[in-house]
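Colleague:
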Amino acid sequence: MVNKIIFFILFFVGFTCVTFAQEEEKTVQKEDKQLDSIQTNLKSQGIVVQDSVFKKRIEINPLAPAKAAFYSAIIPGLGQVYNKRYWKVPIVYAALGASIYAYDFNNKSYKRFRTAFKSRQAGFTNDEFPEFDIGDLQNAQENYQRDRDLMVLVTIGLYVLNIIDANVDSHLKQFNVDDDLSVDFQPYLDYNEITAQPNYGMALTIKF
């Protein structure tokens, strides 16, 4: 049970990262297509515009990451809603729900085996686990207790991860390269009169 829960959590984290990367890539591709379309229309009218004109300015809200984290701390998933990452909300609740379910299952099993173990210690044999001896009952209750305590840590970890995800996602959404910053590679070719040989290569131009 615990191994399955841990596998699910790792899958949740990996899936979130991969999906976020794919979503950002699709957004960039969509914006590039729109810019290409605008440039094509302008060129057909005899107007040539540099790409830097089309760079999109994003308003920076320095409080947005803190707000997203605060919302997710109050209600898990609310920060993701604030960031408009609605698809993450079911994943957040599925992960938290699975860990809480595992905690509840292990806690109930621990109590059952603990009750039977105490009953055997008192000399009774009418518990619900007649096929187990007292040593097996002790081992079972210790195993379920360990798994229960582990699920407490996992649940807390997922709760914190939900807050971190909202905060980091909000930061990434506002990440933008300034319009004044540009990097350009250009080939160059000139003739060296001293050596009578051509010089050629690539020139890197950085503007900021």
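Each residue of the sequence shown is one higher than the one before, counting from 255 in the numbering used here. All residues carry an ideal CB built from backbone N, CA and C; glycine is no exception. This structure is a prediction, so every number in the text was calculated from the model and none was measured.
Quick test of your reading: F371 and L391, contact by CB under 8 Å. State the CB separation rounded to the nearest angstrom.
Modeller: Yes, F371 and L391 are in contact; Cβ-Cβ is about 4 Å, under 8 Å.
Colleague: Is N337 helix, strand or coil when you go by DSSP?
Modeller: If DSSP states are grouped into helix, strand and coil, N337 belongs with coil.
Colleague: Between the beta-carbon of N360 and the beta-carbon of D401, is there less than 8 Å?
Modeller: In contact: N360 and D401 (Cβ atoms closer than 8 Å).
Colleague: Taking Cβ to Cβ, would you say S326 is nearer than 8 Å to N416?
Modeller: Yes, the Cβ-Cβ distance between S326 and N416 is below 8 Å.
Colleague: Taking the C-alpha atoms as reference points, what is the distance between M405 and A348?
Modeller: If I take the Cα positions, the gap works out to 14 Å.
Colleague: Among H425, D444 and I448, whose alpha-carbon lies nearest the alpha-carbon of N315?
Modeller: Comparing Cα positions, the closest option is H425.
Colleague: Does Q375 pass the burial test, meaning 16 or more other C-beta atoms within 10 Å, or should it be called exposed?
Modeller: So Q375 ends up on the exposed side.
Colleague: Could you check if V408 is buried or exposed, using at least 16 other CB atoms within 10 Å of its CB as the buried criterion?
Modeller: V408 comes out buried.
Colleague: How far does the alpha helix (DSSP H) with A352 in it reach, from first residue to last?
Modeller: Unbroken alpha helix (DSSP H) run through A352: K342 to Q375.
Colleague: Please name the residue in G351, Q399 and N380 whose C-alpha comes closest to that of S363.
Modeller: The option with the nearest alpha carbon to S363 is Q399.
Colleague: Can the beta-carbon of P330 be found closer than 8 Å to that of L350?
Modeller: Yes, the pair counts as a contact, with Cβ atoms nearer than the cut-off.
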